[in-house]
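> Protein sequence lines, in the order shown, are assigned to chains A and B. Numbered per the numbering used here, the first sequence spans residues 165 to 587. Numbered per the numbering used here, the second sequence spans residues 625 to 774.
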Amino acid sequence: MKNWGLLTAPLGIFLCGMSVLYLKMQGAMQKVTNTTLQDPWVYVPYLLVAVFLTIVIQMVVIRRHLDTFILPIILMLVSIGLVEIARLKPVLLLRQMQWLCIAMLVMFIVIRLWPKIKRMLNYPYLLGIGCVFLLGLPLLFGTEIGGSKNWLVLGPVSLQPSEFGKIILLFFLASYLSDHRRVLTLPAHKFLFLRLPPLRFIAPLICIWGLAVLMFVVEKDLGSALLFFGMAVLMTYMSTGSKSYVFLAMAFMGIAAAASYAMFGHVRVRFDIWLDPWADPNGMAYQVVQSLFAIGTGGLWGTGFGFGHPGFIPEVHTDFIFSAIVEEMGLTAGLMLIICYALLFWRGIKGALKLKNASEALLMAGCAVLILLQMFIIIAGVTKFLPLTGITLPFVSYGGSSMVSSFILLAMLLSLTKEQKNV
Amino acid sequence: MQGAAMAIKVVRVVLEYGMLLWLIYFTVSLSRRMFGEVKQELKQQHKPVVKQNEALLTVVEAGEEELQGRRFAFQEEITIGRGAENDVRIPENFVSHRHATIFLHGAQYVIEDLGSVNHTYVNGQPLEGRAYLKPGDEIRVGMVTLRFER
Chain A
165 MKNWGLLTAP LGIFLCGMSV LYLKMQGAMQ KVTNTTLQDP WVYVPYLLVA
215 VFLTIVIQMV VIRRHLDTFI LPIILMLVSI GLVEIARLKP VLLLRQMQWL
265 CIAMLVMFIV IRLWPKIKRM LNYPYLLGIG CVFLLGLPLL FGTEIGGSKN
315 WLVLGPVSLQ PSEFGKIILL FFLASYLSDH RRVLTLPAHK FLFLRLPPLR
365 FIAPLICIWG LAVLMFVVEK DLGSALLFFG MAVLMTYMST GSKSYVFLAM
415 AFMGIAAAAS YAMFGHVRVR FDIWLDPWAD PNGMAYQVVQ SLFAIGTGGL
465 WGTGFGFGHP GFIPEVHTDF IFSAIVEEMG LTAGLMLIIC YALLFWRGIK
515 GALKLKNASE ALLMAGCAVL ILLQMFIIIA GVTKFLPLTG ITLPFVSYGG
565 SSMVSSFILL AMLLSLTKEQ KNV
Chain B
625 MQGAAMAIKV VRVVLEYGML LWLIYFTVSL SRRMFGEVKQ ELKQQHKPVV
675 KQNEALLTVV EAGEEELQGR RFAFQEEITI GRGAENDVRI PENFVSHRHA
725 TIFLHGAQYV IEDLGSVNHT YVNGQPLEGR AYLKPGDEIR VGMVTLRFER
């Protein structure tokens, strides 16, 4: 199965969406300016580069007998994202397409160099230190953008180190946990109904948990903190199969959350908005309330692409892109997006179960879980299922760091599907 | 002019909803292909199970002459240990009296360590409690290595 047919759908949807936007501009007699969409030929080269890279990557995938389902799913998400960005912030479309090309190039390189990159799994403690270093960088040199101090500004580009830190964290957890799996499942102490190993074996895990809480508090980056913490807990659970860790982590998180609620204003604000957004719908809760209105307006089939009013939501092109999609294309499109993520996750887990090497299996399952968890956190945030935390919807939202790091994750996932053929 | 504007509008609406329908079609065909693949895999997995319901333990490596090259065929259960009542008797000090057992559970064979002192190893990993056996797994008890086949 080569699945070339599936790959035409993302391109088709992108072209459809763009023509709708151009037709709408023509209907309204709008001129091409800097704030609207530019002439089509500006975007064509990048589109061609992306198509070319897609063909190259899919050929590599087929030749190496990797999983051919993963790339079409991702490109579908990317094309929905691009179309929606073109609709919401036309100025940013060019940047996003450039980032897409860079990300696909990086993905290609990672797939080619995978045997070398895989060796990183042999150095768990270096990875751990690297992860702490990367996450610590914004604490020292960080710049505050959009309320959280987790950006590094390097000349013209601003980066979010935590986006790349999460990949290193994944490597660290995979190699550390597969080495220590036996020790971690040794029940040494029994505490109530929990069975815990000696403290020195879980110390690195507690460090990671503590780090997440630190990010939560100092960098005001709630989304990444939740993501990191969730990752650590889920990876531990996947490798040991012991529910004690999950309970322990929940308790830890509960205490940390309660303490930060009591001590820090921004945490309290987020939490109060979540409990009752209607207390202050035009002030603090404006974003969430507008997002709920948008989702509600969309209904089952949406208001029609280009005919909603998602512009009322602040930051709609990054964190709230899901609300915009649901408003304009309806619940149907939202569900289809979620199904795409779920199918990707399923594909990842299915591949991971076939791998024999414990650390690689963990790494692959971790990649799949990370994408799904990130999707869950942000969609739950914009639909007010969980307190809102600002992270990007992987592959869909605007954002260079997020795009590149998501494509690196994807490259890892793809490369790891190979091993199952050798069995 | 009126007609042209109308035509543009119609094309636009068609494209808008075409986009959405294309997305739905993509997701549905994707999931159908994936489930189809899983179904095929399941069929392939089922075939060998129905054909054979006998398993075989082959001695790969043993210090004792009476065990070398022997094969033990069984259907329901086989026990391994030092005691005389075992099906596979290994007269070594490292082996417990009743060391391990392999039994049929559903369509698969399960190996269980019966609380041995020196552990049972499956493919070089110490066995904790029970585990499903795959054809070709190597089981080590004391100094004896057995290969599980079916």
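By construction, the Cβ of each residue, glycine as well, lies at the ideal position given by its N, Cα and C atoms.
For chain A, is any of its Cβ atoms less than 8 Å away from the one on B:Arg656?
no
> Since A:Met240 meets chain B, which of its residues come closer than 7 Å, beta carbon to beta carbon?
Phe650
> Establish whether the CB of B:Arg764 and some CB of chain A are separated by less than 8 Å.
no
> With which residues is B:Pro750 paired in a DSSP beta bridge?
B:Pro750 is bridged to B:Tyr745.
> For a cutoff of 8 Å on Cβ pairs, would you count A:Gln538 as touching chain B?
no
> Does the distance from the CB of A:Leu552 to the CB of A:Gly545 come in under 8 Å?
yes
> Thinking C-alpha only, which one of A:Leu264, A:Val225, A:Ile372 and A:Asp231 is nearest A:Leu298?
A:Ile372
> Given that a residue counts as buried once 16 or more other Cβ atoms are within 10 Å of its Cβ, and exposed if not, what is A:Ala376?
buried
> What does DSSP give as the partner residue(s) for A:Trp315 in the beta ladder?
A:Thr307
> How about A:Gly245 and A:Phe559: do their beta carbons lie closer than 8 Å?
yes
> Please confirm if the stretch 261-280 of chain A is in contact with the stretch 467-483 of chain A, defined as three or more CB-CB distances below 8 Å between the two stretches.
no
> For A:Val587, which residues of its own chain have a beta-carbon under 8 Å away from its beta-carbon, when the five flanking residues on both sides are left out?
A caution first: A:Val587 carries a pLDDT of 38, below 50, which makes its placement in the model too unreliable to give a value.
> For A:Leu499 and B:Gly730, what's the separation of their Cα atoms in angstroms?
Taking the straight line from one Cα to the other gives about 38 Å.
> What span of residues does the beta strand (DSSP E) with A:Ser322 cover, start to end?
Val321 to Leu323
> Any idea what DSSP makes of B:Gln699, helix, strand or coil?
The DSSP-derived three-state label of B:Gln699 is coil.
> Starting from B:Gly705, follow its DSSP beta bridges and name the residues at the other end.
B:Arg713
> Assign B:His723 to one of two classes, buried (16 or more other C-beta atoms within 10 Å of its C-beta) or exposed (fewer than that).
buried
> What does DSSP give as the partner residue(s) for B:Val765 in the beta ladder?
Note: B:Val765 sits in a beta bridge opposite B:Thr744 and B:Val768.
> Mind reading off the beta-carbon distance from A:Val184 to A:Gly470? Whole number of angstroms is fine, and I expect it under 8 Å.
6 Å
> DSSP has B:Glu678 in a bridge; who is on the other side?
Partner(s): none; B:Glu678 has no beta bridge.
> Report the residues of the stretch 492-512 of chain A with a CB closer than 8 Å to any CB of chain B, ordered along the chain.
Met493, Gly494, Thr496, Ala497, Met500, Ile503, Cys504, Leu507, Trp510 and Arg511
> Comparing the C-beta of A:Pro474 with each C-beta of chain B, is any distance below 8 Å?
no
> Out of A:Cys180, A:Gly306, A:Val433 and A:Asp343, state which residue places its alpha-carbon closest to the alpha-carbon of A:Gln451.
A:Val433
> For A:Glu492, which residues from the same chain have a beta carbon less than 8 Å from its beta carbon, with the 5 sequence-adjacent residues on both sides left out?
Closer than 8 Å at the Cβ level, and outside the excluded window around A:Glu492, lie Glu248, Arg251, Gly462, Gly466, Thr467, Gly468, Phe469, Gly470, Phe471, Gly472 and Pro474.
> With DSSP as the reference, label B:Thr725 as helix, strand or coil.
strand
> Look at the alpha carbon of A:Leu390 and the alpha carbon of A:Asp231, and state the distance between them as a whole number of angstroms.
30 Å
> Given a cut-off of 8 Å on the beta-carbon distance, is the pair B:Ile726 and B:Val765 in contact?
In this structure, B:Val765 does not lie closer than 8 Å to B:Ile726 by Cβ.
> Pull out every residue of the stretch 557-583 of chain A whose Cβ sits closer than 7 Å to any Cβ of chain B, in chain order.
none
> Which whole runs of the beta strand (DSSP E) in the stretch 370-422 of chain A are 3 residues long or more, in chain order?
none
> Taking buried to mean at least 16 other C-beta atoms within 10 Å of its own C-beta, is A:Ala227 buried or exposed?
It is Arg, not Ala, that sits at residue 227 of chain A in the sequence shown. Per the 10 Å Cβ criterion, exposed.
> Could you tell me which of A:His229, A:Ile542, A:Ala423 and A:Ala497 sits nearest to B:Met643, measuring between CA atoms?
A:Ala497
> My output table needs one value for B:Tyr756: the three-state DSSP class, helix, strand or coil.
strand
> Leaving out five residues before and five after A:Met576 in sequence, what residues of the same chain have Cβ atoms less than 6 Å from its Cβ?
Cys531
> Do you know offhand how far B:Glu756's Cα is from B:Leu738's?
Residue identity differs from the one stated: residue 756 of chain B is Tyr in this sequence, not Glu. One C-alpha to the other measures close to 15 Å.
> So, is the C-beta of B:Met643 closer than 8 Å to a C-beta in chain A?
yes
> Answer with yes or no whether the minimum CB distance from A:Ile177 to chain B is below 8 Å.
Interface criterion met: the Cβ of A:Ile177 is under 8 Å from a Cβ in chain B.
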